[in-house]
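Residue numbers (the numbering used here), protein chains in the order written: chain A, 207 to 578; chain B, 207 to 578; chain C, 18 to 414; chain D, 18 to 414. Note that CB positions come from ideal geometry on N, CA and C, so glycine has one too. The structure displayed is predicted, hence computed values, not measured ones. Before any comments, here is the structure.
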Amino acid sequence: MPLILTDEEKMLKEAANEFLASNSSLKSFRKLRDNNYQSFDQDLWKGMIEMGWTALTIPEAYGGLDFGYTGLGQILEETGKTLAKSPLISSILFSATAIRLCDNENLKSKWLPELMKGNILMALALDEKAHFDPNNINSTAKLSGNKYVINGKKKMVLDGSNADYFIVVVNEANMTSFFLIDVKSKGIEIKSDILMDTGEYSSVVFNKVSVASENKLNIKTNGDSILQSLLNITSAGLASEMLGSMQAAFEKTMDYIKEREQFGNKIGKNQSLQHRAALLFCEIELCKSIVLKALKAIDNDETKKIEFSHLAKAKLGEVLKLTTNEAIQMHGGIGVTDDADIGFYLKRARVIQHLMGDKNYHLNCIAKIKGY
Amino acid sequence: MPLILTDEEKMLKEAANEFLASNSSLKSFRKLRDNNYQSFDQDLWKGMIEMGWTALTIPEAYGGLDFGYTGLGQILEETGKTLAKSPLISSILFSATAIRLCDNENLKSKWLPELMKGNILMALALDEKAHFDPNNINSTAKLSGNKYVINGKKKMVLDGSNADYFIVVVNEANMTSFFLIDVKSKGIEIKSDILMDTGEYSSVVFNKVSVASENKLNIKTNGDSILQSLLNITSAGLASEMLGSMQAAFEKTMDYIKEREQFGNKIGKNQSLQHRAALLFCEIELCKSIVLKALKAIDNDETKKIEFSHLAKAKLGEVLKLTTNEAIQMHGGIGVTDDADIGFYLKRARVIQHLMGDKNYHLNCIAKIKGY
Amino acid sequence: MDTKLNIDLENFRLETRAWLEVNCPASMRKPIKDSSEMFWGGRNPEFTSQDQKIWFENMLEKKWIVPYWEKKYGGGGLSAEENIILTQEMSRLGCRRPLFSFGIAMLGPALLKFATEEQKLNYLPEIVEGKIWWCQGYSEPGAGSDLAGLQTKAEDMGEYYLINGSKVWTTYANKADWMFCLVRTDNKVSKHNGISFILIDMSTKGVSVRPIKLISGKSPFCETFFENVRVPKSNLVGNLNEGWTIAKYLLSHERKMIGGVGVTETKKEVHELAKLNLECSSGQLNNSLLRADIAKFEMDETIFELTIQRIIDEDKSGKKASQLSSFFKYYGTELNIKREELLIQIGGNNSLVWTPTEENDGNAARKFCRSKGNTIEGGTSEIQLNIIAKRILNLPT
Amino acid sequence: MDTKLNIDLENFRLETRAWLEVNCPASMRKPIKDSSEMFWGGRNPEFTSQDQKIWFENMLEKKWIVPYWEKKYGGGGLSAEENIILTQEMSRLGCRRPLFSFGIAMLGPALLKFATEEQKLNYLPEIVEGKIWWCQGYSEPGAGSDLAGLQTKAEDMGEYYLINGSKVWTTYANKADWMFCLVRTDNKVSKHNGISFILIDMSTKGVSVRPIKLISGKSPFCETFFENVRVPKSNLVGNLNEGWTIAKYLLSHERKMIGGVGVTETKKEVHELAKLNLECSSGQLNNSLLRADIAKFEMDETIFELTIQRIIDEDKSGKKASQLSSFFKYYGTELNIKREELLIQIGGNNSLVWTPTEENDGNAARKFCRSKGNTIEGGTSEIQLNIIAKRILNLPT
């Protein structure tokens, strides 16, 4: 299978690019931030839903387009360029994927269409520590009668305070389980932080929260393997957004050094900057390949999809860090002022590279898979 | 205590520089190599002995100058510049130091003056594996009557085939011991390899070699702590030679890019090369500091001497690798031909950085000392 | 060394120690937590504690605000040896600097070297007494690293200079009383030859200031605008059109400061923070890739500190000046950026928090962002590498 | 696609497979160990085994030495699709190339694009038949990366060109029969405009060759000297003074080759070698710092291979030519250097042995040294970065 976009995927990407060019910009990003860190723009979100982006990864059986993650990846790459804020990651990439991977048909039929239509928002409650560590979940679910009792403390729940439901990953008898829990359930306490990227991430305490057993998402399927698939998909999806951000930051920087003059010359004439720019170009070419490969490997269910999604998140984390640092440095004094937009990419980079595991985490996973 | 050379040390270094300028050169290095990898030049060695270099670290009680390792370090830095080949490292830095650190007065009185005068040569038999691992010595010594029986296989015995005696590091009842063994003893088998740096390194098999108990070098002193001190000193000493090589390779490269023209300009005018050269300059400044500090910490018996000598070998390994790679690259096509001398530094660099532990080995030691 | 002198110095040390013990309040011996605990003086001085005021006034009376300047300029007239002893004793007790001032660190040296005697007597005592808060007007919005490309012009109007233009990165221009400033006084000559060094009262009509917000949040930096500002001709320091000489003199001074030379802040080692924040097994960090990065970083950090020591020791021993300020600036700031990158990795989620909460003040993230300016301000890393390549390595231009 | 065509191609595949099974000797299906196992043809052909001779002759008879050239030039006249199938089937069986030849890879494409019909008919069939061993005369001792600065001159003497000068890095000039060569035919115009592309018989009077020894030991490279060498004017390819166009065309071709594109050698993964040579505990390398370097390297190596695949797929899909040969050359060779550095670390003492012994052939050390040339030959890494900056990123000059 060739490593290129299909014609449909290309069309989708181009349409997304056009739509976002007229509906999203760093100016809107700044406006949301200055408006007390507003999570997203309702109109933009409605537009995304109308464009069908929320339906891309929903199977046809639930009313979706079943277009695949390569498609969603193209959308996320485009949103990464303007840092468009929306519940696309929390509700669709994270939550809808989690539900889809599980096997509770009742919950799937009920909630996938709702998520797709944007009628409700969901948030994934997975992290528990300062560092990503999905293999050591301390939150627990215990059956008591025909109800489950959930206990635990979750962190980094993206868009947690906007959500109607949490998808909570817990340890049930040393296996992973997934529960759908109403945010208004008794025993839930939510506190939210604004992180460096202006995003809203919640800490959620589950204190003896009682959940009907019908709300358990994985019935027969092994929760550990669902979690593995979920992590592959989220890594590839986040890497797609990172790819978009990286390209935008790089382009803005190239534009800047072609225009800005110092010592009587365009600063882009400096050979040392040219060589650094050329190296960035090469690294970004590598990033394009691994993101596309990770997405396709998921859609085609290739055996190496685990390795490729780890590689995608690791490589993109590395190169996005390099790109944003170089972007600031090449912008010079302007680059470190809040007046300039380039800093937004730096700050988003450090959060998204950490989200769902940083470069070291993912490289370590690959080394373990390969047995060294 | 200020981190600078004393006036005596400066004078010693200058004298060494002058002496080597007229008695050693890359031309002689090439001649020795082309003459079937000759180990060293007898005349140069005699001159070194006359200059008193072999006496610098020998205590006055044994007829030496007791000048200290900072002094020997200056000599090694200078020999590193022209890659002067001599038994200074194998016989003096390695062997005489090992004997001096031990407490067998009879052997010290007998052999330190002989080594100093160059009447005999010795070689240190320590390594056993493909990688430096001094904490896992498999060679053994067992007392049998009033003799010891030595068994084991040693590798990377520098100048082993020129030596009259081996100083053999063995495991005796789970502690380190040092033995002085005549190379002609029964049960010894020597095979020699020429490595990439044109140096001669032997593999020595000790098969039931019988050694008089008087030839055990450490009587009461703990052999483990002697080994630790020996490793600190050899690391700092090798780092000194590396510092000299690094400076010479860097200077030759700067001279070259100031002269060589391409596209109608000196290639040193290229800003990207200038920035890389400036970075090398900075790194070499760091190298100067850590080598001097490691040597002084040994002479002053500072508590942090262990850390500093690890740092010296680690940092010098890193920067010498970078410097020699950049030297070749900046020389371009000429740099990879055997006609040019610059490649000698590259090849010496890879051997000496490996000798007595490479960068990773030493960094790992520091991390362990610091408890992380 | 003279024995008599040695005894005198030892006595000076004992007296100094005793005086400091008595006159430096306990709270003034604790490390400064943030800039709000610094006293900057000025026309509207703000003491943030009674102890701060006492400490400043005691030192002022003792003439130890700038102990090494001559007495006629308000200094303490100490010899170089005495000044070193005072510095040592203050750092032994942990005494804070009684007055933070660009007048002392930046303008003073320039005036001492280039000003007329009248100017020295006029400005230096006010600096010592903390009466005037000075700021520095070098960079301009359009010039960036090309400092000598500055465009703010001072026209000779006979009785005064008429100043128009703007400056950027003027630290605390919003609080300062006066600015020492580089202006263009000749357009027709090569750019380095048409610059002058001039002093401007910030309360003059036509001067306005706008604070700059950085990617890390609020900052002490400002933009300063000059619209037909009239400055007396007597405010010129040094010769007309020779301001670049003064600027270079001060810049090399500044580079050393930013590169971390002389700063004796005790920072926690990175591996200690890692051990507090990350999981270990049998004494080793589980995150072996991060461990490798930390080991590499600490190697360079330790050796860089040794290098500062070595160069200082060489300078003291009379070896010819080593021109290494660009090296310090470059390497020191690049290391600091690496340090901050490591720290946010070590902190994980906790170091990404931006808006302060009860548990988290958001300082880690803001310090991280702020560090990105280190390799730009005071001459970019690229400028420093150019200087090393040209002035030290003599590579062709 | 046309069903008929599909069936035809499937038949072609089956026939090809069957033919190869019969005609390719078993020993010719094993990977080539070193250059001594390659057949290069020439006036004095050296077969190193009977199988090698059989394989070459079978393929020659089948017209598959250069299967995709037209039949009139000695090629097999295969369509692009058929040629892909043949390549796939050969690589499936592991068949060696029957003939190694710069004539096929380098000169052929130039002749096909720029030569006269007469020249094509004259030279191409001899290339296919392996009768003439060609070498390439581009670089000169004084020019280095500045290829267009070449000084070897060809003077128009009416009936012939008189050639004086020298070339360097001419691979196998000591064994080659002819050289395709860049010479200066006009000194008065800008350097790119005075170059011509000419063919020289190495047996002509005045041609001499000196092999070059590299830091890795012996090499196939030579220096070639021309002293009053007379070359017929009919040996000129393309127009006079337009040789640079031909050179550029071939260079971009060469870059792809050196960068590793199209080379399908199966290399052992670095981590596998590490596991064979280094100690592990609970499945992890004890040397955690080296482990980190390996993980980082393999990440880049895997993704670089994917990138080659992506670009090839994009080219095939008809996306406009991506001009990425400089990227391939740069990144591929830098990766190879990193790989060799890792390998000598992994091998320890064993990879440092230089003179061959019974246990150790010294190839690790020599391969390591040889890799240092990769980022220089065929245009230095710096040249490639310049090209990317200028032609792809359009940064100002």
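Using alpha carbons as the reference points, say which of the options lies closest to residue i.
i                     : options                    : result
residue 451 (chain A) : A:406, A:303, A:333, A:556 : A:556
residue 146 (chain C) : C:54, C:118, C:170, C:347  : C:118
residue 536 (chain A) : A:479, A:382, A:412        : A:479
residue 237 (chain B) : B:334, B:289, B:271        : B:289
residue 287 (chain B) : B:576, B:349, B:550, B:245 : B:550
residue 433 (chain B) : B:222, B:298, B:251, B:343 : B:343
residue 226 (chain C) : C:258, C:199, C:190        : C:190
residue 358 (chain C) : C:114, C:385, C:29, C:31   : C:385
residue 29 (chain C)  : C:41, C:53, C:106, C:40    : C:106
residue 489 (chain B) : B:519, B:241, B:455, B:529 : B:529
residue 457 (chain A) : A:392, A:384, A:534, A:413 : A:534
residue 524 (chain B) : B:497, B:231, B:564, B:515 : B:564
Give a yes or no on whether the C-beta atoms belonging to residue i and residue j are separated by under 8 Å.
i                     : j                     : result
residue 418 (chain C) : residue 320 (chain C) : No answer is possible for residue 418 (chain C): it lies beyond the span of chain C, which begins at 18 and ends at 414.
residue 447 (chain A) : residue 212 (chain A) : no
residue 154 (chain D) : residue 208 (chain D) : no
residue 351 (chain D) : residue 397 (chain D) : no
residue 379 (chain D) : residue 336 (chain B) : no
residue 252 (chain C) : residue 223 (chain C) : no
residue 569 (chain A) : residue 306 (chain C) : yes
residue 264 (chain B) : residue 322 (chain B) : yes
residue 512 (chain A) : residue 438 (chain A) : yes
residue 293 (chain D) : residue 254 (chain D) : no
In the DSSP assignment, what residue or residues form a beta bridge with residue i?
i                     : result
residue 356 (chain B) : B:347, B:415
residue 302 (chain C) : C:297
residue 195 (chain C) : C:151, C:218
residue 375 (chain B) : B:384
residue 201 (chain D) : D:170, D:212
residue 181 (chain D) : D:170
residue 328 (chain A) : A:371
residue 399 (chain A) : A:407
residue 364 (chain A) : A:407
Should residue i be listed as close to the ligand HEM, given that the test is whether its C-beta is under 7 Å from any heavy atom?
i                    : result
residue 20 (chain D) : Because no ligand of any kind appears in the structure shown, any question about the ligand HEM cannot be addressed here.
Completely contained alpha helix (DSSP H) runs for the stretch 206-291 of chain D, where each covers 4 or more residues: 260-275
Start-end ranges of the alpha helix (DSSP H) lying completely within the stretch 448-515 of chain B, minimum 4 residues: 477-505
Validate contact between the stretch 352-365 of chain A and the stretch 309-326 of chain A using beta carbons, cut 8 Å, 3 pairs: no
Ranges of the alpha helix (DSSP H) found wholly within the stretch 262-319 of chain B, counting only runs of at least 4: If we require 4 residues or more, the alpha helix (DSSP H) runs fully inside the stretch 262-319 of chain B come out as 275-288, 303-307.
Contained alpha helix (DSSP H) runs [length at least 4] in the stretch 340-370 of chain D, N- to C-terminal order: 342-364
Inter-stretch contact (C-beta, 8 Å, three-pair minimum) for the stretch 403-414 of chain A and the stretch 472-489 of chain A: no
Touch test, the stretch 176-184 of chain C against the stretch 130-148 of chain C, Cβ-Cβ under 8 Å, three pairs minimum: no
The stretch 362-375 of chain B contacting the stretch 298-306 of chain B, beta-carbon criterion three pairs below 8 Å: yes
Contiguous alpha helix (DSSP H) assignments of at least 4 residues, all confined to the stretch 515-567 of chain A: Listed in chain order, the complete alpha helix (DSSP H) runs (minimum 4 residues) inside the stretch 515-567 of chain A are 548-560.
The stretch 500-519 of chain B touching the stretch 192-209 of chain D, judged by at least three CB pairs closer than 8 Å: no
Stretch pair the stretch 118-128 of chain C + the stretch 154-163 of chain C: three plus CB contacts closer than 8 Å: no
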